[in-house]
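Student: Residue numbers (the working numbering), protein chains in the order written: chain A, 1 to 406; chain B, 1 to 465.
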Amino acid sequence: MARDDLSAALVQGVYPFVENLYHCLRCNYCVEMRWQERGIQHVCPTLLHHNPAPGYSGKGYLATARALLEGEELPIDSLVERLFNCTTCGNCEEVCPVGLRPAHLVRQVRAAMAAQGLAPAPIAACAANVIEHHNPAGAPNEARNAWAVGLAGIAADAETLYLPGCAASCDAPDEARATVSVLHQAGLPLKLLPADQARCCGAPLGEIGYSAEADAERWQLAAAIERSGCRRIAVSGAECVPSLAGVDVTGGVEVLHAFDLVERAIAENRIDFKPNTHVPRGPIAVLDSCHLSKPSHSVAGAADYPRRIRALLERLGCRTAEAPDQGSYAICCGAAGGMPYMSPLSAARMAEGKLRSFAEVGAVAVITASPLCIAHLRRSQIRGLPEAMGIFQFIETYFRLRPMAR
Amino acid sequence: MKLSELRKELAGQGGAIVLEDKIDLLGYRRDSSIALGGNPSAAVIARSVEDVVATVVAANRRKVPLYVRAAGSTYAGGANPCDGAIVLDTSALRQILKIDEDRGLALVEPGVTYGALLAELGQRGLTLGVVPLTGAAGTVGGAIASHGLGTGSPRYQSTGDEVAGLEVVMPNGEILRTGSAALADAGFFARYAIGPDLTGIFLGANGSLGVITKIALWVHPKPSHQETFALGFPDYESGARFISSIQLKELTHNVWYGAGYEDKAIEARVTGARPQFERAALPRFCLALDARGAREEVVRDRARIVAEASRFGGADFAVFDEVFFAKLRRDNTFWYSYAGYFARSMCALLMCSMANETIPRFFRVIENNRKAYPELTWAGGLVLCRRGVHGAVIVFYDEREQWETVRVASERCGAELLAIGCVPYKSGRVWAPMMERFRPYHATLANLKKVLDPNGIMSPEVLGL
Ligand SMILES: Cc1cc2nc3c(=O)[nH]c(=O)nc-3n(C[C@H](O)[C@H](O)[C@H](O)COP(=O)(O)OP(=O)(O)OC[C@H]3O[C@@H](n4cnc5c(N)ncnc54)[C@H](O)[C@@H]3O)c2cc1C
Ligand code: SF4
Ligand code: SF4
């Protein structure tokens, strides 16, 4: 492709963000800062664990996009390397005093690059996996429900459709199993989509710049949801909540994270938890997964699941530990934005850094409601560092649930 | 300059990272100011003092200009390089080397942010004297090299007043330690020792005389109690006289922050938050104060300050306190994030120092410029100091359409401020065109630079040097 055409395509990509480009104060908040009272320790995982050069930062992405818009010629290879090494965690957006959206810009420029065939090979391979196998790992789709074989709690006539999402189905099946099992104990049966109809929600594709393909997956999934007849969906994937929030199903559909169902059951006095004897004595940390804790990320981020999970754990008598970086300003563990595909070593360093920060506060386990993070942290699990567990896996391991007499 | 050579020269040092990619260098072109920045040829992220020495020596040997930069958030243009320069990035030099409770000081590398240092000190019940509003990301090195101010100014004045001594890599690569640390075995504990205060020449020098690599800062007990309040005055003159009075009586000793506002800002803030508020009841000038210390001292000083205000026609202005400090209370923080002040748009900032009697004229200059450039949005504010005040002229502009206009307007406003007796505080490149006005001060500074930096490599053009 001629350089001019390429530049024009990239400019198209950055144009929706033109206001952002001219409002960056270059205050450096998105690069490095510490604000104890707000739980901000550092900001950008890419700068910390991949490359400290300013081209890899929220501020850097805005400056780069502005240079593109103003017609500067930039080296394409470096552009690709920098733009595809952002985890799109959104921490830069959380800290920006002006309210600028570098992570959203990154997704948009990635889309322009991918459309020009500029996506790096590992990213293109990940996208091809979703397009062909309907999951980023490239696992055969027909085996998507393998985790559910023989599991009590799955019912063809259940009112709630359970979509574990690609991460839980393929990389953290124990969390999917535990989810069904816990909700079964709570008296809530779940229905599954047949494997051949199950699709990715499109979130991973959107993060790596394949937005049209993401939409195609989401439409197919919407059709399958429609056919299921269910008007309530429970998901495990943190990224699936916002991705499915606007899904087009006749009559509308309620999209919940499976954890919402547990909370509802507790609020309505429908379940009772009995600890078993092995409840960990040491403190438990809750991972502030970006998709679930950063309001800039999505509706799920605004719902602040980690805080709610922490509240449940405390209610159940567990001691909790807080990492120094917490809440909406927590540093990303490296699972998202295609980082594990693009730069697996950097993504692993991010995960290790995360686990170490929990080890420093004495946590014995790290709990999250994001199977994507569970799987990623487990891949980097190093001896002596706290174990990463899904919230349902934790509940299933340490508690027995009983439906309460009504 | 050939990068491969620079790389070779820096190899074997402390792990410096040499950047040459155009995309990375974009990030070094401009700081937070409206000043023009050039295209640097390379940037070096230093990871050790050896890296700094090697970079300075390499730049000197080739006579390539060298600009020091940390977070790059100065609004005075001191970190903007010229074309072809090397940028020495000190932001990775961010170790807190020692918190020495016996000597009452912290020894830090220049790239440490105030946020990081305050967090560590806070765990020991300690804090710092003067902290810029941007302290979460702004570095200690950057602030002292560009004359910082902010929280603590009513009590301690400037960031420089809190410096006990420095380690500086001189333009020839030699390492200088100032104050008592001139004697290596003695280390940092006294700023004034031996002879003239060499520390002072690097404070506010914006990197033009050397690279600061270690800073000894005084530390203080963290105040236990905090109260905020605001006082309204019928005019600037009485507000100015009131400020002089509380300063001379040393009633500002337990005041950690004080911000003075003109009528327009008062109206915007109050009616913005309380649309029903009676405009006619608003004072013309107000001072918002944050007092901290032992509870009984704070309560006592507050009462004395309020009583003093009434002598000058001032009165408690509770609604402004609620509006102004609400965010601070919500954040429960030591400094005032500038979120909200600057969120609306890009701004040009001119920071000057003035004697209190100049305050009315300072606000008149802003009013004149508001009339001369109605297409820009002008705001003015004061930061209370131990003596005198700092004045900030803030001009909001549209970076796409008005960059040229704001640069012209800012220069004109700067000249008017000089004419009424305001002197540049944070200088960098923004005030550089006016430096000639300070003869023989500036000529002496230029001579000093010639001696220390004969090749003129350190931050050329900054401070008009
Ligand atoms: C909206 C806004 C509000 C601000 N409010 C305040 C405020 O309240 N108070 C205040 O003081 N500042 C304020 N600032 C300015 C700035 O954010 C702070 O002073 C900050 O601490 C500077 O640190 P930095 O790391 O960004 O320095 P930089 O911008 O990187 O550098 C500042 C200057 O110091 C020089 N320098 C940096 N490091 C060294 C070194 N190691 N050796 C020698 N020279 C060096 C640079 O060459 C440059 O000239 C504000 C800025 C903005 C944009
Ligand atoms: S989205 Fe996350 S990784 Fe990307 S620039 Fe922002 S903070 Fe860094
Ligand atoms: S935090 Fe926002 S305004 Fe500050 S440098 Fe980053 S993007 Fe720009």
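Using N, Cα and C, we set each Cβ at its ideal position, and we do this for glycine too.
For a contact meaning CB atoms closer than 9 angstroms, what does Leu101 of chain A contact in chain B?
Tutor: One-based indexing of the first sequence puts residue 101 of chain A at position 101. The question names Leu, yet the displayed sequence has Arg at residue 101 of chain A. Under the 9 angstroms cutoff, chain B gives no residues; its nearest Cβ is about 13 angstroms from Arg101 of chain A.
Student: Between A:Ala234, A:Gly317, A:Pro306, A:Ala8, which lies nearest to Asn276 of chain A when the distance is taken from Cα to Cα?
Tutor: Here residue 276 of chain A refers to the residue found at position 276 of the first sequence. Answer by Cα proximity: A:Gly317.
Student: Pick out whichever of B:Asp161, B:Leu133, B:Arg304, B:Gly160 has its Cα sitting closest to the Cα of Ile246 of chain B.
Tutor: To locate residue 246 of chain B, count along the second sequence from 1; it is residue 246. It is B:Arg304 whose Cα lies nearest to the Cα of Ile246 of chain B.
Student: What separation, rounded to the nearest whole angstrom, lies between the Cα atoms of Arg356 of chain A and Arg379 of chain A?
Tutor: Counted from its first residue, the first sequence places residue 356 of chain A at position 356. Counted from its first residue, the first sequence places residue 379 of chain A at position 379. Distance between the alpha carbons of Arg356 of chain A and Arg379 of chain A is about 14 angstroms.
Student: If you follow the alpha helix (DSSP H) that Tyr114 of chain B is part of, which residue opens it and which one closes it?
Tutor: Stepping through the second sequence from its first residue, residue 114 of chain B is reached at position 114. Here the alpha helix (DSSP H) through Tyr114 of chain B covers 114-122.
Student: I'd like the list of long-range same chain contacts for Gly58 of chain A, defined as Cβ closer than 6 angstroms, with 5 residues on each side in sequence excluded.
Tutor: Locating residue 58 of chain A in the first sequence gives position 58, counting from the first residue. The answer, listed in chain order, is Cys30, Cys92, Pro102.
Student: Would you mind working out which of B:Val451, B:Phe188, B:Ala79 sits nearest Gly37 of chain B, comparing C-alpha positions?
Tutor: Numbered from 1 along the second sequence, position 37 holds the residue referred to as residue 37 of chain B. Closest by alpha carbon: B:Ala79.
Student: Identify whether Arg364 of chain B lies in helix, strand or coil by the three-state DSSP scheme.
Tutor: Here residue 364 of chain B refers to the residue found at position 364 of the second sequence. Helix at Arg364 of chain B.
Student: What separation, rounded to the nearest whole angstrom, lies between the Cα atoms of Gly115 of chain B and His42 of chain A?
Tutor: Stepping through the second sequence from its first residue, residue 115 of chain B is reached at position 115. Stepping through the first sequence from its first residue, residue 42 of chain A is reached at position 42. Taking the straight line from one Cα to the other gives about 10 angstroms.
Student: Should Phe277 of chain B and Glu262 of chain B be called a contact, given that it needs their Cβ atoms to be closer than 8 angstroms?
Tutor: Here residue 277 of chain B refers to the residue found at position 277 when the second sequence is read from its first residue. Here residue 262 of chain B refers to the residue found at position 262 when the second sequence is read from its first residue. No.
Student: Kindly list the residues whose CB is nearer than 6 angstroms to the CB of Gln197 of chain A, restricted to its own chain and excluding five residues on each side of it in sequence; keep chain order.
Tutor: Counting from 1 along the first sequence, the entry for residue 197 of chain A is found at position 197. Only Ala224 meet the Cβ criterion.
Student: Consider the C-beta atom of Val106 of chain A and the heavy atoms of ligand 2; say whether any pair is separated by less than 7 angstroms.
Tutor: Here residue 106 of chain A refers to the residue found at position 106 of the first sequence. The answer is yes for Val106 of chain A.
Student: Cutting at 6 angstroms between CB atoms, please list the residues of its own chain near Gly55 of chain A, excluding the five before and the five after it.
Tutor: Against the first sequence, residue 55 of chain A aligns to sequence position 55. Around Gly55 of chain A: Arg82.
Student: Can you check DSSP and say which residues form a bridge with Gly258 of chain B?
Tutor: Working through the second sequence from its first residue, we reach residue 258 of chain B at position 258. Note: Gly258 of chain B sits in a beta bridge opposite B:Leu289.
Student: Would you mind telling me which residues of chain B sit closer than 9 angstroms to Gly60 of chain A, beta carbon to beta carbon, in chain order?
Tutor: On the first sequence, position 60 is the one that residue 60 of chain A refers to. Ile23, Asp24, Leu26, Gly27, listed in chain order.
Student: The region 18-32 of chain A: which residues have C-beta closer than 9 angstroms to a C-beta of chain B, in chain order?
Tutor: The residues in question are Val18, Leu21, Tyr22, His23, Cys24, Leu25, Arg26, Cys27, Asn28, Tyr29, Cys30, Val31, Glu32.
Student: I need the boundaries of the alpha helix (DSSP H) containing Gln393 of chain A, first residue and last residue.
Tutor: Numbered from its first residue, the first sequence carries residue 393 of chain A at position 393. That run of the alpha helix (DSSP H) goes 391-398.
Student: Do Ser243 of chain A and Cys201 of chain A have their beta-carbon atoms positioned less than 8 angstroms apart in this structure?
Tutor: Counting from one through the first sequence, the residue named residue 201 of chain A turns up at place 201. Counting from one through the first sequence, the residue named residue 243 of chain A turns up at place 243. Cβ distance < 8 angstroms, so Cys201 of chain A and Ser243 of chain A count as in contact.
Student: Give a single yes or no on whether Cys86 of chain A has its beta carbon closer than 7 angstroms to a heavy atom of ligand 3.
Tutor: In the first sequence, the residue the question calls residue 86 of chain A occupies position 86. No, the Cβ of Cys86 of chain A stays beyond 7 angstroms of every heavy atom of ligand 3.
Student: Considering only the alpha carbon of each residue, which of B:Leu19, B:Asn60, B:Ile99, B:Ala136 lies closest to Gln36 of chain A?
Tutor: Within the first sequence, numbered from 1, the residue matching residue 36 of chain A stands at position 36. That would be B:Ala136, whose Cα lies nearest to the Cα of Gln36 of chain A.
Student: Would you give the residue range spanned by the beta strand (DSSP E) that Gly381 of chain B belongs to?
Tutor: Within the second sequence, the letter at position 381 stands for residue 381 of chain B. First-last of the beta strand (DSSP E) with Gly381 of chain B: 377-384.
Student: DSSP puts Phe188 of chain B in a beta bridge; with which residues?
Tutor: Counted from its first residue, the second sequence places residue 188 of chain B at position 188. According to DSSP, which records beta bridges pairwise, Phe188 of chain B is partnered with nothing at all.
Student: Have a look at Arg307 of chain A and Gly338 of chain A and give me their C-alpha separation to the nearest angstrom.
Tutor: The count along the first sequence starts at 1 and reaches residue 307 of chain A at position 307. The count along the first sequence starts at 1 and reaches residue 338 of chain A at position 338. Answer to the nearest angstrom: the Cα atoms are 26 angstroms apart.
Student: Going straight from the alpha carbon of Met404 of chain A to that of Thr160 of chain A, what length do you get?
Tutor: As a first step, residue 404 of chain A is located in the first sequence; it is residue number 404 there, counting from the start. As a first step, residue 160 of chain A is located in the first sequence; it is residue number 160 there, counting from the start. Approximately 20 angstroms between the Cα atoms of the pair.
Student: In chain order, what residues of the same chain have a beta carbon less than 8 angstroms from the beta carbon of Thr113 of chain B, not counting five sequence neighbours either side?
Tutor: The residue labelled residue 113 of chain B in the question sits at position 113 within the second sequence. Here the set comprises Ala71, Arg94, Gly135, Ala136, Ala137, Gly138, Thr139, Val140.
Student: Under 7 angstroms from any heavy atom of ligand 3, does the C-beta of Tyr29 of chain A make it?
Tutor: Residue mapping note: residue 29 of chain A aligns to position 29 of the first sequence, counting from 1. Indeed, a heavy atom of ligand 3 lies less than 7 angstroms from the Cβ.
Student: Give a single yes or no on whether Pro374 of chain B has its beta carbon closer than 7 angstroms to a heavy atom of ligand 1.
Tutor: Position 374 of the second sequence holds residue 374 of chain B. It does not: the Cβ of Pro374 of chain B is nowhere closer than 7 angstroms to a heavy atom of ligand 1.
Student: Pull up the CB-CB distance for Tyr435 of chain B and Gly414 of chain B, whole angstroms please, since I reckon it's below 8 angstroms.
Tutor: Here the question's residue 435 of chain B lines up with position 435 in the second sequence. Here the question's residue 414 of chain B lines up with position 414 in the second sequence. A quick correction: the sequence has Met, not Tyr, at residue 435 of chain B. That pair is no contact at about 11 angstroms.
Student: Using a Cβ-Cβ cut-off of 6 angstroms (strictly less than) and excluding sequence neighbours within five positions of Leu19 of chain B, which residues of its own chain qualify?
Tutor: For the purposes of this step, residue 19 of chain B is taken as the residue at position 19 of the second sequence. Correct list, in chain order: Ala43.
Student: Output yes if chain A places a C-beta closer than 8 angstroms to the C-beta of Leu118 of chain B; else output no.
Tutor: Looking up residue 118 of chain B in the second sequence gives position 118. Taking Cβ atoms only, chain A reaches closer than 8 angstroms to Leu118 of chain B, which makes this a yes.
Student: Can you list, in chain order, the residues of the region 209-232 of chain A whose Cβ is nearer than 9 angstroms to any Cβ on chain B?
Tutor: So the list is empty, because no residue satisfies the distance condition.
Student: Taking DSSP as the reference, what is the three-state secondary structure of Asp89 of chain B?
Tutor: One-based indexing of the second sequence puts residue 89 of chain B at position 89. Asp89 of chain B: strand per DSSP, three-state reduction.
Student: I'd like to confirm something about Gly58 of chain A: is its beta-carbon nearer than 7 angstroms to some heavy atom of ligand 2, or not?
Tutor: Here residue 58 of chain A refers to the residue found at position 58 when the first sequence is read from its first residue. Gly58 of chain A: yes, Cβ under 7 angstroms from ligand 2.
Student: At the 8 angstroms Cβ level, is Gly84 of chain B part of the contact set with chain A, yes or no?
Tutor: To locate residue 84 of chain B, count along the second sequence from 1; it is residue 84. So no, Gly84 of chain B is outside the interface.
Student: Below 7 angstroms between beta carbons is the criterion; list the residues of the region 69-94 of chain A that meet it against any residue of chain B, in chain order.
Tutor: Those residues of the region 69-94 of chain A that come within reach of chain B (Cβ to Cβ, closer than 7 angstroms) are Leu74, Pro75, Ser78, Leu79, Arg82.
Student: Can you list, in chain order, the residues of its chain with a C-beta nearer than 8 angstroms to that of Pro280 of chain A? Leave out the 5 residues immediately preceding and following it.
Tutor: For the purposes of this step, residue 280 of chain A is identified with residue 280 of the first sequence, where counting begins at 1. Correct list, in chain order: Cys318, Val364, Ala365, Tyr398.
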